[in-house]
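Going letter by letter, the sequence shown gives residues 512 to 924 in the numbering used here. The beta-carbon is built from N, C-alpha and C at its ideal position, and this holds for glycine as well. Just so it is clear, the structure is predicted and the values come from calculations on it, not from any experiment. As structure tokens, the structure follows; a few thoughts come after it.
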Amino acid sequence: MASDRDRSTFVQPLPAKPNLEMQQKRAKALLREAWAARPDALARIRALHPAPPAPAALALADAQLVVARGYGFQSWAAMKRKIESLTKTPVEQFVTALHAGDVARVRTLLEAHAAVRAAVNAPISYFNSRPVMRAMKNLPLLDVLLAYGADLNLKSAWWAGGFGLLEYDCTPEEAAPLIARGAIVDVFGAARLGMFARLRELVEGDPSLVHARGGDGKTPLHCARNVEIAQYLIDRGADIDARDVDHESTPAQYLVRDAPDVTRLLIARGAWFDIFIAVGLRDAALVERSLRDDPEALDHRTWHGKYTVAHTGERPATREEIGDRRGDIYRWVFDHNVTAMDVAMRLGCDDIVDVLLRHATPAQRLLAACAKADRATAEAIVASHPRVVASLTRDQMRLIADRAHANDTAAVA
Numbered sequence: 512m513a514s515d516r517d518r519s520t521f522v523q524p525l526p527a528k529p530n531l532e533m534q535q536k537r538a539k540a541l542l543r544e545a546w547a548a549r550p551d552a553l554a555r556i557r558a559l560h561p562a563p564p565a566p567a568a569l570a571l572a573d574a575q576l577v578v579a580r581g582y583g584f585q586s587w588a589a590m591k592r593k594i595e596s597l598t599k600t601p602v603e604q605f606v607t608a609l610h611a612g613d614v615a616r617v618r619t620l621l622e623a624h625a626a627v628r629a630a631v632n633a634p635i636s637y638f639n640s641r642p643v644m645r646a647m648k649n650l651p652l653l654d655v656l657l658a659y660g661a662d663l664n665l666k667s668a669w670w671a672g673g674f675g676l677l678e679y680d681c682t683p684e685e686a687a688p689l690i691a692r693g694a695i696v697d698v699f700g701a702a703r704l705g706m707f708a709r710l711r712e713l714v715e716g717d718p719s720l721v722h723a724r725g726g727d728g729k730t731p732l733h734c735a736r737n738v739e740i741a742q743y744l745i746d747r748g749a750d751i752d753a754r755d756v757d758h759e760s761t762p763a764q765y766l767v768r769d770a771p772d773v774t775r776l777l778i779a780r781g782a783w784f785d786i787f788i789a790v791g792l793r794d795a796a797l798v799e800r801s802l803r804d805d806p807e808a809l810d811h812r813t814w815h816g817k818y819t820v821a822h823t824g825e826r827p828a829t830r831e832e833i834g835d836r837r838g839d840i841y842r843w844v845f846d847h848n849v850t851a852m853d854v855a856m857r858l859g860c861d862d863i864v865d866v867l868l869r870h871a872t873p874a875q876r877l878l879a880a881c882a883k884a885d886r887a888t889a890e891a892i893v894a895s896h897p898r899v900v901a902s903l904t905r906d907q908m909r910l911i912a913d914r915a916h917a918n919d920t921a922a923v924a
């Protein structure tokens, strides 16, 4: 164990204007230097770490601890709290603690600061959400917020439509303690949670609710997670091709992965569909129809071209502004920058891949092989079609940038 004299060599006061990001960078740099066996880095770690591991076993947490102890703190968390107290307002510290799920820190800040208590229902978190949104899966944290007056039924202040607590990222099991604490099940929550009796009660009381708009400007049909609820909403006049506000996408597009039976029902009732829906449903016949109806189907890529939105994040786009755009929800449903071929490969749908390949041009087959990091197939295609690379369009040549954006090093190589 290092002596006090050894430790004092490396201890210094916290800077007058401390910056947590800079300290994070210092910790990473220290870790890299230790792994490289730099004598000064190893000496610092031996002097300041209470139980220094072997250099090869050092982790970022060890380097962070050494940095913190170099400023006289017993832990990284203690140093972080001190820096935040010097550089952030109490409300900003409250937001940080909420995002970290730090129950004790949230309680301390609420007890100590009137400004924090005044912000307990403010839209201060991600996407203009309220503090309770950050605590819906952390019941001890939620109970602290409730004790200070948090309202479970205030929706977020998101520009495209406020989210209720029960309509996003919430399972029936997670919803139960929220409902027990006073969360009201509205039409969106009922649709998402599969609570048919509650949904019917609400719609019979107010039939216009089938057209209501919730989070992101979705309708209840966008939230429907089972066929019974979807059928009920359709029978009562729900628009099967309604676009939400934020992603300008239809219920079928939203639900193709999480509720494929609902999407099948929507299509059976006449809903619009495309190649991504057909592939997502693993429906070869629907894939064939999509390919016949849309000659560009295999070139479509999520978050590009038609699969983007018209709005600018300030107001809903009009139908005229949307035009032939198809919305951008697929980048969350399937992934960013992927084609129908990519989706079929990722889903492991070999029969669907075979259908797509039969319709694909040499260029499209080449791009599919590259995206899959299948060098042998890519080289074979180039050998059979020597001009295929030269034939690639500007948009098709985005593949390498898109794969790099996704950190897909195998495909880039």
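Below 8 Å on the Cβ atoms is my guess for residue i versus residue j; work out the distance and round it to an integer in Å.
i	j	result
Arg-842	Trp-814	4 Å
Leu-541	Ala-552	6 Å
Leu-665	Arg-641	5 Å
Met-644	Ser-667	7 Å
Ser-760	Gly-705	Going by Cβ atoms, the distance from Ser-760 to Gly-705 rounds to 22 Å, so no, they are not a contact pair.
Ile-635	Val-606	5 Å
Leu-732	Pro-762	5 Å
Ala-702	Ile-740	5 Å
Arg-518	Leu-576	At roughly 13 Å, the Cβ-Cβ gap does not stay under 8 Å, so Arg-518 and Leu-576 are not in contact.
Helix, strand or coil for residue i, going by three-state DSSP, please let me know.
i	result
Ser-596	helix
Pro-524	coil
Ile-695	coil
Ser-719	helix
Leu-571	helix
Asn-848	coil
Ile-840	coil
Leu-868	helix
Lys-729	coil
Trp-587	helix
Glu-825	coil
Met-647	coil
His-979	There is simply no residue 979 to check, as the chain begins at 512 and stops at 924 in what is shown.
Lys-536	helix
Asp-805	coil
Ile-690	helix
Glu-759	coil
Thr-813	coil
Thr-888	helix
Met-856	helix
Cys-681	coil
Leu-797	helix
Asp-862	helix
Val-458	The question about residue 458 has no answer, for the chain in this structure spans 512 to 924.
Gly-700	helix
Thr-774	helix
Tyr-519	Residue identity check: residue 519 is Ser in the sequence provided, not Tyr. Ser-519: helix per DSSP, three-state reduction.
Arg-754	coil
Just the Cα atoms here: how many angstroms apart are residue i and residue j?
i	j	result
Asp-697	Leu-713	8 Å
Ala-658	Gly-726	26 Å
Phe-689	Val-655	For the record, residue 689 in the displayed sequence is Leu; it is not Phe. Going by the C-alpha atoms only, they are around 14 Å apart.
Leu-858	Asp-769	13 Å
His-624	Ala-611	19 Å
Asp-835	Ala-691	45 Å
Leu-597	Thr-520	26 Å
Val-854	Ile-863	10 Å
Ala-871	Leu-766	27 Å
Ala-912	Ala-901	18 Å
Asn-848	Met-856	14 Å
Tyr-549	Leu-571	In the sequence as presented, Tyr is not what sits at residue 549; that position holds Arg. Roughly 16 Å between the two C-alpha positions.
Leu-710	Ala-735	10 Å
Pro-825	Ala-629	Correcting the residue type first, residue 825 is Glu in the shown sequence and not Pro. Distance between the alpha carbons of Glu-825 and Ala-629 is about 27 Å.
Ser-613	Gly-693	A quick correction: the sequence has Asp, not Ser, at residue 613. When rounded, the distance between both Cα atoms is 23 Å.
Arg-909	Ala-882	11 Å
Ala-562	Ala-626	41 Å
Arg-812	Val-844	13 Å
Leu-792	Glu-715	32 Å
Ala-708	Thr-920	50 Å
Glu-532	Lys-539	11 Å
Lys-729	Pro-526	49 Å
Ile-892	Leu-903	13 Å
Asp-752	Ala-687	31 Å
| contact_flag[the region 717 to 733, the region 741 to 759] where n(CB pairs < 8 Å) is 3 or more | At 8 Å Cβ cutoff, the stretches touch.
| query | Touch check for the region 563 to 573 and the region 527 to 546: three-plus C-beta pairs under 8 Å? | reply | In short, these stretches touch, since the Cβ pair count reaches three.
| said: Check whether the region 802 to 820 and the region 770 to 789 touch, using three or more Cβ-Cβ pairs below 8 Å as the test. | reply: Three or more pairs of CB atoms, one per stretch, sit closer than 8 Å, so the region 802 to 820 contacts the region 770 to 789.
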